Amino acid sequence: ALFTMASNCNGNSPDGLPPLPPLPISVADLRKSHGFSDQAQWAIPYKLMQGARPGFGLSDNTSLADQVNKIVGEGKVTTFVSLQAECLPENGSILLDGGGCRKSEPKNLPPYWKEVEKAATQFGMPPPTFLYYGIVGMKTAKSIDSLSIAAKDLAKRIKLGETIYVHCGGGVGRAGLVSACVMGILYKNLTADAAIDYTTGLCHLRNLESKEEKHYSSPETEEQKEQVRNFFEKFRD
1 ALFTMASNCN GNSPDGLPPL PPLPISVADL RKSHGFSDQA QWAIPYKLMQ GARPGFGLSD
61 NTSLADQVNK IVGEGKVTTF VSLQAECLPE NGSILLDGGG CRKSEPKNLP PYWKEVEKAA
121 TQFGMPPPTF LYYGIVGMKT AKSIDSLSIA AKDLAKRIKL GETIYVHCGG GVGRAGLVSA
181 CVMGILYKNL TADAAIDYTT GLCHLRNLES KEEKHYSSPE TEEQKEQVRN FFEKFRD
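Note that the UniProt record's numbering has the sequence shown beginning at 1, numbered continuously upward.
Here it is, written out as structure tokens:
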């Protein structure tokens, strides 16, 4: 049934979106179209990328600038969305629905906005946009109505031509929650459970780059998945 659902979406949408691939996800088949790095993958190729916070998973061989240059230079990302309630918004961020939830004592993680601005200049991209919508780690957005404001804003930006990088910490739980909802707005035939199958399945493309065998669930918690279902039920009638 899921395969049939996905095939109903084939053919480009009026907004120029690529068709959804068939379910279940075949990582080998989708590596070229949806794969990106060991920290991120395309939810919608060249429209919406789901990943870890820039600066997450650095090594002796990979710097923050390297990560950002790949995202901006190869991915042509124009817009960065932080979902980290535990972190301060990047400099100049637009707060979606007032910024969602915020932790009272934020973590002092290195900001990445300067590297993004440098990369945008280097690669001839427009000045980047930074958005902030805080969700507490392993938790849901503060309400369905609030989540809708954020997800609809991102979907509208995609329709207007922005390429979005949405991240939490590791880029799996909260980023999967929001990505699934944005996909639901953009693809009218998509069901909530199929959206979750997409965000979960596509995360496994990271294993092809990391040479690891991690098992991903995106969103991570049952509570987060239930919020996706509730979102689809309320805003997809």
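Heads up, the beta-carbon is just placed ideally off N, CA and C, and yes, glycines get one too. Since this is a predicted model, take the numbers as computed values, not measurements.
| Check | Outcome |
| --- | --- |
| Check whether Leu95 and Tyr132 have beta carbons under 7 angstroms apart | yes |
| Pairwise C-alpha distance: Trp113 and Ile71 | 13 angstroms |
| 6 angstroms Cβ shell around Pro18 - same chain, five flanking residues per side excluded | Pro45 |
| Contact set for Val116: own chain, Cβ-Cβ below 7 angstroms, skip 5 residues either direction | Val68, Val72, Phe80 and Pro128 |
| Given 8 angstroms, three or more beta-carbon pairs between the segment 184–193 and the segment 162–171 | no |
| Leu160 burial status per 10 Å Cβ neighbour count (16 or more: buried) | exposed |
| Contact check, Arg174 vs Gly134, beta carbons under 7 angstroms | no |
| Identified DSSP bridge partners for Gln39 | BP columns for Gln39 are empty, so no partner. |
| Where Val68 falls: helix, strand or coil (DSSP) | helix |
| Contact set for Glu222: own chain, Cβ-Cβ below 8 angstroms, skip 5 residues either direction | none |
| Start and end residues, beta strand (DSSP E) containing Val81 | Thr79 to Gln84 |
| Environment of Lys225 [buried if 16+ CB atoms lie within 10 Å] | buried |
| Distance, Ala52 Cα to Ala119 Cα | 18 angstroms |
| Through-space distance from Met125 to Glu220, alpha-carbon basis | 33 angstroms |
| Cβ-Cβ distance between Asp97 and Ala40 below 7 angstroms | no |
| The segment 205–212 contacting the segment 22–35, beta-carbon criterion three pairs below 8 angstroms | yes |
| Of the residues Lys76, Asp15, Asn61 and Ser63, the one placed nearest Phe36, counting alpha carbons only | Lys76 |
| Enclosing beta strand (DSSP E) for Leu17 [first to last residue] | Looking at the DSSP string, Leu17 is not in any beta strand (DSSP E), and its letter there is neither H nor E. |
| Beta-carbon separation (whole angstroms), Val182 vs Leu154, contact threshold 8 angstroms | 5 angstroms |
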